[in-house]
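Chemist: This is the structure, below, for whatever I ask next.
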Amino acid sequence: MTRDRTPDSHDFPTRRYDLVKEFVITLVVVLVASLGLAAIFSSPDEKPITMSAWANADPNNLVTTAASELAGTTTSATYGAPYNSNSEGQKLGPIPLQKWGGVRIPIDSADLVLGPLSNTTNDPAVSSAVAAWKAAAPEQQTKWAADYVDAIGAAAADGEAATGAGGDPANVAAGDYGPVPALSAGLLALAKTGGLEGALDSAGNFYGGDTTKSLLLLADGAYLEDQAVAQNLAGDQWGMMNEVGNAPGQPWMWLYTFWYQIKPFSTSDNADVEVWALMMLLTLLLMFLPFIPGLRTIPRWIPVHRLIWRNYYRRSAGRP
Amino acid sequence: MTTSTGAKSAAETTDPGNWTNRLRGRIEGLVPPGEALPDRQPIYVASWIYVFGVLTLSSLAVVILSGCVLAVGGVQWWHVSSLGHYVNSVHLWSVELFFGFMVIHLWGKFWMAAWRGKRAMTWVSGVLLFGISIGTSFTGFLSQTNFSAQWIAGEGKDGINSTGAGAFFNVLNPGQMLLWHVVLLPLVVVLIVLIHIIQVRRHGVVPPLDADLEG
Ligand code: HEM
């Protein structure tokens, strides 16, 4: 495109136009449409998952998750920033953006189990298990917990044979697991009472506005994800833009969601930061499109504007 | 402008050392005289596409209005009240309309190359609005205190954390997300909408491509 020779809009002949009336009419139209759509389609509201629901629906998974938190092998335990330094986190090429954010929400995964149990129990078996854990050396703690997780194992799935006790803590082989079985069982019992969320989120400060710990624990288990997959909400099911049921969700996230479905992102360990960077780049391209040769000329090549301003062009067609 | 300043002389009302005069001058200079709310538009302003900017604005008004009603009842009200649930539905559907109209508006302005004639910053503020609106709706989904919010938080944290921003913007903390959703981000959106509309009124509606007044 050559120099911008767009004339001053104020030099054109004018026609009558009522901006305020236009606004008021559209306001009424949108209000009526919203009231109507809301009446017809409502909005989804599935109750939140509780720890006791998890404990009752999949107790074995909760016990395994508790033992894994103690062993330091869960997603959150090995996450890296902002929760801990146990991994480098994602990188954009050589740039460790995640690490640069810093460990500003420090979370010790074993505390997700020990914290609630230390504060709330009046069960002597659990109290002595906590004391035994705290008295042991770190290597001993990890060995107990890791051995117990291995002993529980997992049920056969996806063509893979069952391991350990097939995922059932009741059937584990005899071994030296220290206080870990008692701690895991204690967390299960606490979860069943319905008190685990409170013990994690509001212990010591009364106000439970911050659910970071509960959500990390919940997401480390399988129950939350199982529920989501059952509703087609997983990441590889376009879950980021969909809502439960048939509600419309966030269709404007389609492009962001799209990249996760294709290579190289679908198989990358750094997919999150790569997709973010790509979206930022595309947003900047869109933002500065008026300055980008080629892109800014597309509206001339594909003349949709001939349709939009057809009356104007027809009227001025007679002129040279 | 005609003022009935009584005793004041012209020199006093234009005194450049007076901060109030300077602010008034700034505000009056934002939009050419008579162009803030004119009752006439250039002849080429005759297409349905022009309505979509205003429709976006009206939907934003309904979004904010329904959001304010939800705020009256409090965070969990809509789970226990059928009226609350209905207001939540109105909020959701006005948001869907808002985005629908905004996207049509965006594409309309693209095909009109509406950034021509010193209007590039209008386009830039528009894209900013698009991006920040997406962020605002994201924090809204996180503030629902239901299963969706749990799941979206669990998934969304990985994206935000991977950029390093998660250290400051904790999607697992619904208290923080709610405040961003109902205070910080709406303030920013409304502020940029104001700027966007002043920009539009300042330059006037963009003339058609290849419009030539000398012809
Ligand atoms: C909150 C979202 C938005 C609101 C409330 C809004 C509102 C408006 C209104 C009322 C107008 C004047 C009427 C019209 O031409 O349609 C306008 C013009 C304009 N908008 Fe937006 N808009 C929004 C988002 C956007 C986006 C996402 C873009 C593009 C990326 C954009 C680009 C423009 C441009 C370039 C103009 C000037 C058009 C001209 O001079 O003819 N706006 N906007």
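These protein sequence lines map, in sequence, to chains Y and G.
Using the working numbering, read the first sequence as starting at 7 and increasing by one per residue.
Using the working numbering, read the second sequence as starting at 844 and increasing by one per residue.
Note that beta-carbon positions come from the ideal geometry of N, C-alpha and C, so glycine has one too.
Computed from a prediction, not measured in an experiment: that's the story for all the values here.
Under a CB-based cut-off of 8 Å, is Y:Asp216 close to chain G?
Modeler: Yes, Y:Asp216 counts as interfacial toward chain G.
Chemist: Whose C-alpha, out of Y:Val279, Y:Phe294, Y:Arg302 and Y:Thr303, is nearest the C-alpha of Y:Leu103?
Modeler: Looking at the Cα atoms, Y:Val279 is the closest of the given residues.
Chemist: Please work out which residues of its chain come closer than 7 Å, Cβ to Cβ, to Y:Ala253, disregarding the five sequence neighbours upstream and downstream, and give them in chain order.
Modeler: Within the same chain, Y:Ala253 has close Cβ partners Ser49 and Pro50.
Chemist: On the DSSP bridge assignment, give the partners of G:Thr982 in chain order.
Modeler: None, per the DSSP bridge assignment.
Chemist: Please go through the same chain and pick out, in chain order, the residues whose beta-carbon is closer than 8 Å to the beta-carbon of G:Glu878, but skip the five residues on each side of it.
Modeler: Cβ within range, chain order: Arg1044, Arg1045 and Gly1047.
Chemist: Scan the region 959-1035 of chain G and note each continuous alpha helix (DSSP H) run of 4 residues or more that stays entirely inside, going in chain order.
Modeler: If we require 4 residues or more, the alpha helix (DSSP H) runs fully inside the region 959-1035 of chain G come out as 963-985, 990-1005 and 1017-1022.
Chemist: What does the alpha-carbon distance come out to for the pair Y:Leu189 and Y:Ala160?
Modeler: Rounded to the nearest angstrom, the two C-alpha atoms are 20 Å apart.
Chemist: Please confirm if G:Gln919 has its CB atom under 8 Å from at least one CB of chain Y.
Modeler: False, the Cβ-Cβ gap to chain Y never drops below 8 Å.
Chemist: Here's the rule: buried if 16 or more other CB atoms are within 10 angstroms of the residue's CB, otherwise exposed. What is Y:Ile158?
Modeler: Buried is the call here.
Chemist: Below 8 Å between beta carbons: does that hold for Y:Asp226 and Y:Glu75?
Modeler: Taking 8 Å as the Cβ cut-off, Y:Asp226 and Y:Glu75 qualify as a contacting pair.
Chemist: Determine, for G:Gly1058, whether the minimum Cβ-Cβ distance to residues of chain Y falls below 8 Å.
Modeler: Residue confidence is low: G:Gly1058 scores 41 on pLDDT, short of 50, so the model does not pin down where it sits. Its coordinate-derived value is still stated next. Judged by the 8 Å Cβ criterion, G:Gly1058 is in contact with chain Y.
Chemist: In angstroms with no decimal places, state the Cα-to-Cα distance between G:Glu871 and Y:Val235.
Modeler: If you take the alpha carbons of G:Glu871 and Y:Val235, they lie about 57 Å apart.
Chemist: Given a cut-off of 8 Å, decide if Y:Val34 and G:Leu940 are closer than it, judged by their beta-carbon atoms.
Modeler: No, the pair does not count as a contact, with Cβ atoms beyond the cut-off.
Chemist: Provide the residue span of the alpha helix (DSSP H) that contains Y:Arg320, from first to last.
Modeler: Start and end: Arg316 to Ser322.
Chemist: So is Y:Ala116 buried or exposed if we call it buried at 16+ other beta carbons inside 10 Å?
Modeler: The residue in question, Y:Ala116, is buried, as its Cβ has 16 or more Cβ neighbours within 10 Å.
Chemist: Between which two residues does the alpha helix (DSSP H) holding Y:Gln104 run?
Modeler: Per DSSP, Y:Gln104 belongs to the alpha helix (DSSP H) from Leu103 to Gly107.
Chemist: May I have the straight-line CA-CA distance separating Y:His311 from G:Ser1005, to the nearest angstrom?
Modeler: Answer to the nearest angstrom: the Cα atoms are 41 Å apart.
Chemist: Could you give the first and the last residue of the continuous alpha helix (DSSP H) run that contains Y:Ile146?
Modeler: This sequence places Gln at residue 146 of chain Y; Ile is not what is there. Its alpha helix (DSSP H) spans residues Pro144 to Ile158.
Chemist: Tell me, which residues are paired with G:Gln884 by DSSP?
Modeler: Paired residues: Y:Arg21.
Chemist: Which residue's Cα is closest to the Cα of G:His922: G:Thr988, G:Val1049 and G:Asp1055?
Modeler: Of the listed residues, the one whose Cα sits closest to G:His922 is G:Thr988.
Chemist: Could you please give the first and the last residue of the uninterrupted alpha helix (DSSP H) stretch that includes Y:Thr70?
Modeler: Run containing Y:Thr70: Pro65 to Ala77, per the alpha helix (DSSP H) assignment.
Chemist: Are the CB atoms of Y:Ala73 and Y:Val155 nearer to each other than 8 Å?
Modeler: Against a cut-off of 8 Å, the Cβ pair of Y:Val155 and Y:Ala73 comes out as a contact.
Chemist: According to the neighbour-count rule (16 or more other Cβ atoms, all chains shown, within 10 Å of its Cβ), is Y:Ala167 buried or exposed?
Modeler: Exposed.
Chemist: Determine the direct distance from the alpha carbon of Y:Gly78 to that of Y:Gly184, and round the result to whole angstroms.
Modeler: Using only the alpha carbons, I get a separation of about 16 Å.
Chemist: In the DSSP assignment, the alpha helix (DSSP H) including G:Asn864 goes from what residue to what residue?
Modeler: Per DSSP, G:Asn864 belongs to the alpha helix (DSSP H) from Trp862 to Leu873.
Chemist: Measuring CA to CA, which of G:Pro1050, G:Asp1053, G:Pro885 and G:Ile1041 is closest to G:Leu873?
Modeler: Among G:Pro1050, G:Asp1053, G:Pro885 and G:Ile1041, the Cα nearest to that of G:Leu873 is on G:Ile1041.
Chemist: How many Å lie between Y:Arg21 and G:Arg883 at the Cα?
Modeler: The alpha-carbon atoms of Y:Arg21 and G:Arg883 are separated by roughly 5 Å.
Chemist: List the whole-angstrom C-beta distance separating G:Leu949 from G:Phe984, where the pair is believed to meet the contact cut-off of C-beta under 8 Å.
Modeler: So it is not a contact: roughly 22 Å between Cβ atoms.
Chemist: Which whole-angstrom value describes the C-beta separation of Y:Gly44 and G:Val1036, a residue pair presumed to lie in contact below a C-beta threshold of 8 Å?
Modeler: According to the sequence shown, residue 44 of chain Y is Ala rather than Gly. Actually they are not in contact, since the Cβ atoms of Y:Ala44 and G:Val1036 sit about 24 Å apart, beyond 8 Å.
Chemist: Using a threshold of 7 Å, is the CB atom of Y:Trp315 nearer than that to any non-hydrogen atom of ligand 1?
Modeler: Y:Trp315 Cβ: outside cutoff for every heavy atom of ligand 1.
Chemist: For Y:Asp17, count neighbouring C-beta atoms within 10 Å of its own C-beta (all shown protein chains included) and say buried if the count is 16 or more, exposed if not.
Modeler: Y:Asp17 is exposed by the Cβ-count criterion.
Chemist: Does the beta-carbon distance from Y:Leu98 to G:Trp994 come in below 8 Å?
Modeler: In this structure, G:Trp994 does not lie closer than 8 Å to Y:Leu98 by Cβ.
Chemist: Using a Cβ-Cβ distance under 8 Å, would Y:Pro100 count as near chain G?
Modeler: Taking Cβ atoms only, chain G never reaches closer than 8 Å to Y:Pro100, which makes this a no.
Chemist: Between G:His928 and chain Y, is there a C-beta pair that is closer than 8 Å?
Modeler: Chain Y contact via Cβ: present.
Chemist: Taking just the CA atoms, how far does Y:Gly255 sit from G:Leu1028?
Modeler: Roughly 19 Å separates the two Cα atoms.
Chemist: Where G:Ala842 and Y:Asp14 are concerned, what is the direct C-alpha to C-alpha distance, given to the nearest angstrom?
Modeler: Residue 842 of chain G falls outside the range modelled here, since chain G spans only 844 to 1058, and no answer is possible.
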